[in-house]
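The structure under discussion appears below in the form of structure tokens.
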Amino acid sequence: MNAIIEFLIGFFILVGALLSLVAAFGVIRLPDVYTRNHAASKSATLGVMCILLGAFLYFYHLEGHFNSRLILGFVFLFMTSPVAGHLISRAAYHSGVPLWNKSVRDDLKRDMKKASAGNKDDLKKNNKKKALVSK
Amino acid sequence: MLEIIIKLSLLVLAIAMLALIYRVIKGPTTPDRVIALDAVGVNLVAIVALLSIVLKTHAFLEIILLIGIIAFIGTVTFSKYLEKGVIIERERDN
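Okay, here's the thing in structure tokens:
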């Protein structure tokens, strides 16, 4: 039983460290902000969660200490890291950071154009209504 | 065996952090740097967890939660600054 738990701890910690390494290589090698953000926010989160799980198992099994802060940190990272990735990616898009020059689709640009055109139509309608009312 | 694995993982995490710091220094745009710094904070959490295993103490486990919260707040603040130019907006009168 002890050997199995130790194997699990070692497995989780090693997998977590390797996932973090993969995330860092992604951040170095990928071509633009959005792909780098994709690598950093997903892979690093999973890696750190694996390591925290390994540490929790270590303290629980080998030292008999149930540490709730590790679980809390685990849940907190799982909730906040993707949100932070989304926010910074969105800020990058709206502050005009260009996509990779080989990317072929930009749906957000198309939708934003459509939305701004719709707003203009609405404005025209409103102006007509106002004109009618004032007459 | 477990000790060797943990020390190896610490080494791997240190290499990952060096790679991220390379991106912080070189990154062509500001969002690049913010993303890399956020990932550095997340890696720091893992390093604190492994270090507290190596030192056989559970006195440092509060630091994990603290670093997580501070990294999140920093990233949110920076992305708000990049998007709007202000961090805390004034209230409107009307």
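Heads up: the sequence lines are chains A and B, in that order.
When the first sequence is numbered by this note's numbering, its final residue is 167 and no position is left out of the sequence of numbers.
When the second sequence is numbered by this note's numbering, its final residue is 131 and no position is left out of the sequence of numbers.
Beta carbons are placed, not taken as given, at the ideal position from N, Cα and C, and that holds for glycine.
Between which residues of its own chain and residue 89 of chain A is the CB-CB distance below 8 Å, once the five residues before and five after are set aside? Take residue 89 of chain A, set aside five residues on each side of it, and the residues of its chain with a beta-carbon closer than 8 Å to its own are 37, 40, 41, 44, in chain order.
Start and end residues, alpha helix (DSSP H) containing residue 59 of chain A: Run containing residue 59 of chain A: 34 to 61, per the alpha helix (DSSP H) assignment.
Compare the C-beta of residue 148 of chain A against all C-beta atoms of chain B and say whether one is closer than 8 Å. Residue 148 of chain A does not count as touching chain B.
Nearest chain B C-beta to residue 137 of chain A closer than 8 Å, yes or no? Closer than 8 Å to the CB of residue 137 of chain A there is not a single CB belonging to chain B.
At least three beta-carbon pairs within less than 8 Å, the stretch 68 to 84 of chain B to the stretch 104 to 112 of chain B: The stretch 68 to 84 of chain B vs the stretch 104 to 112 of chain B: in contact.
Pairwise C-alpha distance: residue 91 of chain A and residue 146 of chain A: Computed Cα separation, rounded: 55 Å.
Give the interface partners of residue 62 of chain A over in chain B, defined as CB-CB distance under 9 Å, in chain order. By Cβ distance, chain B contributes nothing, its closest Cβ being about 10 Å from residue 62 of chain A, past 9 Å.
Would residue 110 of chain A pass as an interface residue toward chain B - the criterion being a Cβ-Cβ separation below 8 Å? So no, residue 110 of chain A is outside the interface.
Amino acids of chain A, ordered along the chain, whose beta-carbon sits closer than 8 Å to that of residue 127 of chain B: Within 8 Å of the CB of residue 127 of chain B, no CB atom of chain A is found; the nearest one sits about 20 Å away.
Residue 127 of chain A Cβ short of 7 Å to the ligand FMN heavy atom set: Looking for the ligand FMN in the displayed structure turns up nothing, as the structure carries no ligands at all.
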